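What follows is a single structure, written as structure tokens, with notes after it.
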Amino acid sequence: MEDVLGLFDSIFKSEYGDLNLLGKLLKIIVIFIIIKIIIKVSGKLIDKTLRNKRISHIYSSDRRANTLGQILLKIVKYILYFIGIIIALEEFEINTASILATAGIGGIAIGFGAQSLVKDIITGFFIIMEDQYSVGDLVRIDNFEGFVEELGLRVTKVRAFNGELHIIPNSTIQVVTNSNKGDMRALVKVSVSIDEDIDKVIKILEMACMDIKSSNENITDGPTVLGVTDLGEYNIGITIVAKAKPDTQWSVEREIRKKVKERFDQENIKLPYPKTAILGGNEV
Amino acid sequence: MEDVLGLFDSIFKSEYGDLNLLGKLLKIIVIFIIIKIIIKVSGKLIDKTLRNKRISHIYSSDRRANTLGQILLKIVKYILYFIGIIIALEEFEINTASILATAGIGGIAIGFGAQSLVKDIITGFFIIMEDQYSVGDLVRIDNFEGFVEELGLRVTKVRAFNGELHIIPNSTIQVVTNSNKGDMRALVKVSVSIDEDIDKVIKILEMACMDIKSSNENITDGPTVLGVTDLGEYNIGITIVAKAKPDTQWSVEREIRKKVKERFDQENIKLPYPKTAILGGNEV
Amino acid sequence: MEDVLGLFDSIFKSEYGDLNLLGKLLKIIVIFIIIKIIIKVSGKLIDKTLRNKRISHIYSSDRRANTLGQILLKIVKYILYFIGIIIALEEFEINTASILATAGIGGIAIGFGAQSLVKDIITGFFIIMEDQYSVGDLVRIDNFEGFVEELGLRVTKVRAFNGELHIIPNSTIQVVTNSNKGDMRALVKVSVSIDEDIDKVIKILEMACMDIKSSNENITDGPTVLGVTDLGEYNIGITIVAKAKPDTQWSVEREIRKKVKERFDQENIKLPYPKTAILGGNEV
Amino acid sequence: MEDVLGLFDSIFKSEYGDLNLLGKLLKIIVIFIIIKIIIKVSGKLIDKTLRNKRISHIYSSDRRANTLGQILLKIVKYILYFIGIIIALEEFEINTASILATAGIGGIAIGFGAQSLVKDIITGFFIIMEDQYSVGDLVRIDNFEGFVEELGLRVTKVRAFNGELHIIPNSTIQVVTNSNKGDMRALVKVSVSIDEDIDKVIKILEMACMDIKSSNENITDGPTVLGVTDLGEYNIGITIVAKAKPDTQWSVEREIRKKVKERFDQENIKLPYPKTAILGGNEV
Amino acid sequence: MEDVLGLFDSIFKSEYGDLNLLGKLLKIIVIFIIIKIIIKVSGKLIDKTLRNKRISHIYSSDRRANTLGQILLKIVKYILYFIGIIIALEEFEINTASILATAGIGGIAIGFGAQSLVKDIITGFFIIMEDQYSVGDLVRIDNFEGFVEELGLRVTKVRAFNGELHIIPNSTIQVVTNSNKGDMRALVKVSVSIDEDIDKVIKILEMACMDIKSSNENITDGPTVLGVTDLGEYNIGITIVAKAKPDTQWSVEREIRKKVKERFDQENIKLPYPKTAILGGNEV
Amino acid sequence: MEDVLGLFDSIFKSEYGDLNLLGKLLKIIVIFIIIKIIIKVSGKLIDKTLRNKRISHIYSSDRRANTLGQILLKIVKYILYFIGIIIALEEFEINTASILATAGIGGIAIGFGAQSLVKDIITGFFIIMEDQYSVGDLVRIDNFEGFVEELGLRVTKVRAFNGELHIIPNSTIQVVTNSNKGDMRALVKVSVSIDEDIDKVIKILEMACMDIKSSNENITDGPTVLGVTDLGEYNIGITIVAKAKPDTQWSVEREIRKKVKERFDQENIKLPYPKTAILGGNEV
Amino acid sequence: MEDVLGLFDSIFKSEYGDLNLLGKLLKIIVIFIIIKIIIKVSGKLIDKTLRNKRISHIYSSDRRANTLGQILLKIVKYILYFIGIIIALEEFEINTASILATAGIGGIAIGFGAQSLVKDIITGFFIIMEDQYSVGDLVRIDNFEGFVEELGLRVTKVRAFNGELHIIPNSTIQVVTNSNKGDMRALVKVSVSIDEDIDKVIKILEMACMDIKSSNENITDGPTVLGVTDLGEYNIGITIVAKAKPDTQWSVEREIRKKVKERFDQENIKLPYPKTAILGGNEV
């Protein structure tokens, strides 16, 4: 043991016990070889882990698993190379720490400035990994609603109903509301005159509902007449709800509205005009 | 004593009194063995503590206790391995502190960026541990209301009434409003013409309330007529309240409304049309 | 003196003047014994201090004093054990500071993340110690109003009127509005036609107030007719106020309203229908 | 000189030139004696300073000066004892700095958490010292209005008009609006029909004002008729203002309103009913 | 040179080359003498600078210059004494830095807590130096409007129109709106029936404006009729503007309004009653 | 090896083994030469990378690639020169780190102050690189809407419809809404009397839509009649939508509105006047 | 070489190899001479750079270039003197770093407090350099609109339309809206009865537009009739737009309004009175 170390010393160490130039170069080369190996191994490990998970059906598609794998590998790569360069620089007595400390004032500014960039990527990573939404989903983020057109690590692009394109940095995304993760509710509020017979009105509405149910295949549940949901000054409010496939709820609502109007016309049910009682001069 | 230490020194220490390569490796191995043991012991301790608590009925289900146990164990594991690796690296004179200090600018950015991730997990941990809500509960978080569909360490998924899925990072959760932690109130405001006899109206309403009480088994308390809660320009407002089982309060309200309308029709109680007194030209 | 120290040295110090293994172990044991003693003494001191205060009637109940005492003792305990462990680790040359510094990036993130947890506990501590509210009080915190159901170090649970349970982290509590710390005001605004004689109306209202005063024992002061508080286009607003026991103010208001309506019907005082002057074609 | 120091050395210093145990204890005792003396002197100084100021009438009461003196003295005391303990601990080679540094992660969290506590006390101190409000004053802080019931270093308690008690942490207090620091304005807006003669109306109002002035001793200035402050579609707005003693402005307003109504009835001044011009079928 | 230094050394330095007690005391005395001199010189310099500026008419009054001078001198004084004390303490081996570092946790809290106090003073200093407002000015700060009653380094006191006193910490002051820094605008919007002849109405208004101009000496410019500023459903809006001396704009507006009403009555210009076209049953 | 190093030592090192003046100067010159070379190489690399990407059509224009290349090169340049100067200063024993540390207080202030400047540039860089918007696009940023007139690294200038120029610092830009990234929706809501036959109305509207489709070439899809989207008290709401080229959607909407009005006039479809039912004295 | 250095050493270095008093003074003098030279050179460089840019017409006036030059030179000056003083103090073993570190608690507070001052100046610098607005421009900053009266490094003074002076710290300025950077839009919305013939109305409006175009020289483009922009219940909305020189858009709007009213009177176009259909008792 002692011998090997002695030999090592005689070649790579200067007389003061420090490494000499050759030793330093060798050390750096060894470090970079180790880094290369770690990267290779990490790549294998990441790939294997993701594939295992994929089998357990957490990730819905190969594409997502591949994207994640590449991102993780890139991060590992950059960090390791960065560490390698720092070690190399320090070997040649360029005190990187001191340089960066000196640059500290700017550093704080940059650190804070870059902060939202980092937050963009972290949030983006979780959105992809947790499958919060995919391209084509109808989502609402803060006040921006529309169909997802592009889903990146830094920004999400959402196409609004009126054609505008919202470009949303992922760091500003907090609560995501996704309308493509299950059946949607169609809701129609009907208002009739307070003088109508409630039971009759509800029966007519229920018949209308049955008509629609049989004819519209987008409806997955209902429509159902809930009952008296409002008791106003000159009107009775009745609510009808149904479940429909995503993105079809509005056309279902339109159909219910049209059918109700037609039925009411047939059955002569009056809608509630605003009413006012006028008091003449003598009464006041 | 001295002898043992002397022997120890001769094998594992270099001539300068430092540990030699063999000594270092041994030290690292010893450290990792100790870490392994601590993890094992921690697992036992966590499990036992949770089981004790479970007996005292704080945790409503085995499932919750197990989840918590696994989370705590994972955290202990990661922290101990991390410490082990740092010690190992330092033994081989790779100054990790300096590397990380050099990476400080990025570090600040990452630290701030990752901050909300940590907050997600801490908040999520407390929500689970304190049983603030469970899957299926009707909750309101900020302005997002609906039924809890999934309750994770990082996000909570809430299904809105209209079918939308709100994906809420736990770090944004402050006040949680849970509607499944007891009986809910059903409240109906009735408005009658100012010309009606209040005592008679209240008596009619009380009779309607008794009818409903006997027929609806979701009602746990009431309904009760509170009295005159509003004295408007042409109307008297009277309020009816009841207690109902969670998620049934709306159907109870609908039934009260319908029953009141029917009773009023029978008893010929008038609802308050808006009234206006008209002054002719001469009076003005 | 010298001798004792010399003896001490020969047993517990190695040849370089440092403590040897035995000395280190002894030192650690001594430290932990001292810690144990400090904890015992602290417990006594805390208990005594709180009992003194209790005598001076600052704390309304034994229960509160005990709670506080246990919290303080726990904090003292955790801090002292923590210090003991650090000292012990340092004795065996495991440089804890360096490990934690290396973990600094994560540390900042955790520090910021845990910040609101600490704030929860500090705020909770003050709420309990200052007796800001107790279980059963009607409070309003931010926009969340209801009866306090549970008051913990981390969260406060408030039951809303409509049955919902608000779970409020103490750190989000700023201004607390407590409605159980004294008599509450009942306030009824009455509006009469501008053609009425004000003095007569006020006299009638004052008589109604006297009726209520004698019959309702929840009223602690008043009701009093304040006078003309609004001079509208076709109405005169008059305000009646009373003081009532906490949580009874609404029923007092309802009673005043009912009594005023009955009196007005008897005395034939008209309420202000909206009035409009109509100008015919010629006048315009 | 040399001799004294030599003697000193031989007793209190160990052979390596450091202080021995005896020396250390002595040093600590001396430090604490000095601390005691400084506290005594500080107490005297604070008292004297405040008494000087009191003479110059800055502090309205002895009570305030005493409160301030005690607070300042307590702060001085805690800081000095804290410093003393640190020095003592360091003498016995318990490296407090390192312990606290190790506890740094928690420290940041605690520091941030305790931050609002410190801000509470600083703000509270200034409120008392600057006499921003006293117990009994009517104040508005943020949206919380009422009479100050208690004024502490950490919280201010404000009793709202409706009986609720607002408990406001001083750190959340920014702008304070105090209604007891001078005469308050009473303001009544009167609206008459656009067909009236303005000069006549103003004369009547001025006469009403003079009546009130002579009869109400709470009024310190006015009431004055300002003139035409609004020119609406069917009404002329005229404003009356007066200055009244604090907390009496509302009763003054009520009296002005009542008197104006009576005068208008006597003089047959019409109030402005809403007017609408109706256009028949032919005109449209 | 060498000799003098040698002599110096023999008296004030101990055998190890450090300063002895005498030397230390001397050093401290010298430092405090230097500090005294610097303060004196600073006082002179500040005074001279301000006096120079005063000549160039930047500071409107001697009082302001004196206030500023005293503030600056106080700051210089406190800083220098603080430095002096630190140096003195360090001479006697009381490591202040370490004490304060140990107190760091509290320090962060205090630093953050005191932050708004420092901001108060910095903002206050600029408000005074830049003459943003003086006592008596009518200002609006955030939503708090009124006359400045007191202008201090830490708070500004503003007396609202209704007699309330707003106590505003300077740190919360951002945009200041000052209404005493030039002539103010008086603006009256007149609305006439859509059936009137615009040219005639404008001519009448211009004549009214000329009347007012000649009689009111507070008006510095105008009043001018701007023209048709609104074209409503049954009315034409015309706007009149004038410039008036600060605080007189409201009385000017009231006078314009009164004069316009009188002129319109003389010339029989109709104001716009709301008009509605009624459609009978057949037309609908 | 030894020899060369020896020679080197004899010329450039002082007797204490440090570099002498000559050695220092030489070292600095060498460093700056290396910096020059790195800058040159970086320029080549950046240029090549961007050109590669340009081929793969990520960057739509040469101009953008050139802009980016120049920015990156400038950043590399400034950083390298900065490092060079620091190294040079340190060679001459001017401890830059200490100077800057001393200037730390100001440094923190400057760091925080400059923070938004850095954020401006980072955000600006991403806007350009990701092609979020170009000059001439119609965008909405926060509440500021208009056409982009200038797109810089620090600010974006947006010309509002009414001619105002919004100068927006890039750091305040979060979500960007771009209206030039695809076809825009034109939407017209039509309201007809509730007495009309819905099927007939829809048929008429569909015919009007077909007319417009054939005549207007800006329309890319539709217009389509969606159906009954509102069921009011006296009106039926029907919605028409179309897709149009960017910036033409408003003229398309205006054309649809005009055409619908003309068709309705021809077919005698009545629009919904507000209707009120009047109840005479006896009914009430 | 060696000789010169030897001579140097003998005069300016003490026996321990440090600089002696003479050497220190000399060093300080040399440093300040170098500083003086750097300032001079910087002044020249700044001046030259700005003059070059001025030629390339980036800076619209000599005045701006001079202002910028002086600001930059002042900053360079203060920084260099500050560095000089620090170096001088350190020479005499007054450890400035330690003093300032000790003052760190206050330092943090001051740093944060002064932060907005620094931000004021940085923002002010960019506003001037980028020519965002000049004195006399009509701007809107946040909610404060008016004409710029003064543009300083720390505050901007804006004179509102009603004569108030807004004093805005530059640090609070984010988006600046400037109304003097191009032609402004004049926009008039005209509403006619739904019974009118649209084509005829549009023709009349277009003729009115042509009249105005020829007579008003402030108009740079239009006025143009856009078409039917609103289809209400009893009215058709038509919009007219024009481009006018800055600050003349309101007078242009007023002229368009007046001309339209006159034309409509001539052509007997009716404006839309609100219409209501009345349903008698039998119909309901």
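In order, the protein sequence lines correspond to chains A, B, C, D, E, F and G. Heads up: the first sequence at position 250 corresponds to 1423 in this note's numbering, and the numbers run straight through without jumps. Heads up: the second sequence at position 127 corresponds to 1300 in this note's numbering, and the numbers run straight through without jumps. Heads up: the third sequence at position 125 corresponds to 1298 in this note's numbering, and the numbers run straight through without jumps. Heads up: the fourth sequence at position 174 corresponds to 1347 in this note's numbering, and the numbers run straight through without jumps. Heads up: the fifth sequence at position 60 corresponds to 1233 in this note's numbering, and the numbers run straight through without jumps. Heads up: the sixth sequence at position 141 corresponds to 1314 in this note's numbering, and the numbers run straight through without jumps. Heads up: the seventh sequence at position 34 corresponds to 1207 in this note's numbering, and the numbers run straight through without jumps. For glycine and all other residues, C-beta sits at the position ideal for the given N, C-alpha and C. If you're wondering where the values come from, they're calculated on a predicted model, not measured in any experiment.
Residue burial classification, residue i (beta-carbon count within 10 angstroms, cutoff 16)
{"i": "Asn1353 of chain F", "result": "buried"}
{"i": "Thr1393 of chain F", "result": "exposed"}
{"i": "Ile1202 of chain A", "result": "exposed"}
{"i": "Val1458 of chain A", "result": "The question about residue 1458 of chain A has no answer, for chain A in this structure spans 1174 to 1457."}
{"i": "Gln1305 of chain G", "result": "buried"}
{"i": "Val1214 of chain A", "result": "exposed"}
{"i": "Ser1344 of chain B", "result": "buried"}
Interface residues of chain B facing residue i [CB-CB closer than 7 Å]
{"i": "Pro1342 of chain C", "result": "Gln1347"}
{"i": "Asn1316 of chain A", "result": "Near Asn1316 of chain A there are no residues of chain B at all, since even the closest Cβ is about 11 Å away, more than 7 Å."}
Spatial distance of residue i from residue j (CA atoms)
{"i": "Ala1276 of chain A", "j": "Ile1258 of chain F", "result": "For Ala1276 of chain A, the pLDDT reaches just 48, beneath the cut-off of 50, and the residue's location in the model is therefore unreliable, although a value from the coordinates is still provided. When rounded, the distance between both Cα atoms is 12 Å."}
{"i": "Glu1303 of chain C", "j": "Gly1336 of chain C", "result": "28 Å"}
{"i": "Thr1421 of chain E", "j": "Val1398 of chain E", "result": "19 Å"}
{"i": "Val1469 of chain B", "j": "Phe1437 of chain D", "result": "Nothing about residue 1469 of chain B can be read from this structure; chain B reaches only from 1174 to 1457."}
{"i": "Ile1346 of chain D", "j": "Glu1322 of chain E", "result": "20 Å"}
{"i": "Lys1197 of chain F", "j": "Lys1292 of chain F", "result": "38 Å"}
{"i": "His1339 of chain D", "j": "Val1328 of chain D", "result": "10 Å"}
{"i": "Leu1245 of chain C", "j": "Ile1206 of chain B", "result": "37 Å"}
{"i": "Met1383 of chain G", "j": "Thr1412 of chain G", "result": "15 Å"}
{"i": "Asp1310 of chain D", "j": "Glu1426 of chain D", "result": "20 Å"}
{"i": "Arg1358 of chain B", "j": "Pro1342 of chain D", "result": "33 Å"}
Under 7 Å from the C-beta of residue i: neighbouring residues of chain F
{"i": "Gln1305 of chain G", "result": "Ile1340"}
Where residue i meets chain C, residues with beta-carbon distance less than 7 Å
{"i": "Arg1358 of chain B", "result": "Phe1334, Asn1335, Gly1336"}
Residues that residue i contacts on chain D, provided the C-beta gap is smaller than 9 Å
{"i": "Leu1253 of chain C", "result": "Chain D residues near Leu1253 of chain C: none, gap ~11 Å exceeds 9 Å."}
Under 8 Å by beta carbon: chain E residues contacting residue i
{"i": "Gly1355 of chain D", "result": "Arg1332, Gly1336, Leu1338"}
{"i": "Ser1424 of chain D", "result": "Near Ser1424 of chain D there are no residues of chain E at all, since even the closest Cβ is about 15 Å away, more than 8 Å."}
>> Quick test of the definition: if touching needs 3 or more C-beta pairs under 8 Å, does the stretch 1356 to 1376 of chain G touch the stretch 1365 to 1376 of chain E?
In response: no
> Counting Cβ pairs, one atom from each stretch, are 3 or more of them under 8 Å apart for the stretch 1327 to 1335 of chain D and the stretch 1315 to 1335 of chain E?
Replying inline: no
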